[in-house]
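*Asks:* In numbering that gives the first Met the number 0, the protein residues as written are 0 to 162. Virtual Cβ for every residue (Gly too), placed ideally from N, Cα, C. Since the model is a prediction, treat every value here as computed from it, not as a measurement. A single structure is presented below for examination.
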Amino acid sequence: MADMKQKTVSIELPHDLNLILGQTHFIKTVEDLYEAIVGISPMAEFGLAFCEASGPCLVRSDGNREDLIKMAEQYIYDMACGHTFMIILRNVYPINVLPRIKMIPEICHIFCATANPVQVVIAESNQGRGVLGVIDGFMPKGIEKADDKKKRHKFLRDIGYKR
Numbered sequence: 000m001a002d003m004k005q006k007t008v009s010i011e012l013p014h015d016l017n018l019i020l021g022q023t024h025f026i027k028t029v030e031d032l033y034e035a036i037v038g039i040s041p042m043a044e045f046g047l048a049f050c051e052a053s054g055p056c057l058v059r060s061d062g063n064r065e066d067l068i069k070m071a072e073q074y075i076y077d078m079a080c081g082h083t084f085m086i087i088l089r090n091v092y093p094i095n096v097l098p099r100i101k102m103i104p105e106i107c108h109i110f111c112a113t114a115n116p117v118q119v120v121i122a123e124s125n126q127g128r129g130v131l132g133v134i135d136g137f138m139p140k141g142i143e144k145a146d147d148k149k150k151r152h153k154f155l156r157d158i159g160y161k162r
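Take a look at the structure:
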C-alpha cells in the first residue's frame, strides 16, 4: 500500500452563511446544482465549486453571488479532493435545497450541511486526495433537559419551521 498522509482543512463561514459539502461524479454537476438551487427561491444567494478529478482537473464554479463563488472556489481548491463540491448559501437554509440536490443523479454523497465551523479530514496518496469525513461543529456539553427542550421547540417555531 502506498504511503498516505492525512490533513485537515478548516472551514469557518460568516454567521449569515451555510454550506453543503458533497461528492459527485460528473462535470455537469456544476450546471445541475445551479439549476436546483436557483429554482428554490429568488432570495437564495449562493456560490458553488466542483473539483474536477480527470482531464484538466480544474475547479469549476457557478452561482449568483461573486463573493460566494470565490469563497467556494478557494475552499474546494484548498481541499483539492477529486469530485467534491461545495455550495455556500445565504438567505436560504440547506434544508430547503437538500431534497433537490439529493435528486441529482450524479450526486453520490453529502458529507455535511451546516452553518457550524467544519474540519474536513482528508487523505492524500500519490494519486490524489479524498475526504475521509468531516467534523461538524463541537462536542456535546451535556444531555438535553426539560428546559432545553422548551427552548428547542420555541426556536423552531420562532424561525417558522414548526407551528
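Is it buried or exposed, I94, if we count other Cβ atoms within 10 angstroms and call 16 or more buried?
*Replies:* exposed
*Asks:* Cα-Cα, which of I39, T7, H24, D15 is closest to L97?
*Replies:* I39
*Asks:* Is it the case that the Cβ atoms of L196 and I87 are separated by a distance below 8 angstroms?
*Replies:* What is shown of the chain runs 0 to 162, which leaves residue 196 out entirely.
*Asks:* Give the straight-line distance between the Cα atoms of E143 and H152, rounded to the nearest whole angstrom.
*Replies:* 12 angstroms
*Asks:* Excluding the five sequence neighbours on either side, which residues of its own chain have a C-beta within less than 7 angstroms of the C-beta of C107, listed in chain order?
*Replies:* Cβ within range, chain order: Q22, T23, H24.
*Asks:* Applying the criterion that 16 or more other CB atoms from any shown protein chain within 10 Å of the CB defines a buried residue, is G62 buried or exposed?
*Replies:* buried
*Asks:* Using CA atoms only, rank isn't needed, just tell me which of E11, L12, D31, V8 is closest to K101.
*Replies:* D31
*Asks:* Measure the CB-CB distance between L57 and E65 and report whether it falls below 8 angstroms.
*Replies:* Against a cut-off of 8 angstroms, the Cβ pair of E65 and L57 comes out as no contact.
*Asks:* Taking the beta strand (DSSP E) that D61 belongs to, which residues open and close that run?
*Replies:* 58–62
*Asks:* Under the three-state reduction of DSSP, which class applies to D31: helix, strand or coil?
*Replies:* The three-state secondary structure of D31, taken from DSSP, is helix.
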